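These notes concern the structure reproduced below.
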């Protein structure tokens, strides 16, 4: 999932994250896709003391947050995480390496 973390996100240690920064995502003068700049893995959801949350894994290592994971308030589009969710379908090529290089040449792609 993608989202636009506020400055206080980097200081998260534990609990259900809900930014204390005042931010109205709807008033930005940027296109929707430019509002997000961080991606995380969503692997579940839950509820604690009546507060719904997402279970997410960050990429900043196990020293950050709850062993590299965090919980974010769910159902309120916290940091635009619900409105900016994306998914991808991986493409698996069954061509040989030489065929792939030829495809790159045909489409003018440069191989590094």
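Numbering (UniProt numbering), first residue to last: 1 to 112. C-beta: ideal position from N, C-alpha, C; glycine also. Being a predicted model, the structure only gives us computed values, none of them experimental.
Distance from the CA of residue 5 to the CA of residue 49, rounded to the nearest whole angstrom, comes to 24 angstroms. By the neighbour-count criterion, in which a residue is buried when 16 or more other Cβ atoms sit within 10 angstroms of its Cβ, residue 43 is exposed.
Taking C-beta atoms as the reference points, residue 59 and residue 2 fail to come closer than 8 angstroms.
Shown here, residue 72 sits in a strand according to DSSP, grouped into three states. Per DSSP, reduced to three states, the secondary structure at residue 43 is strand.
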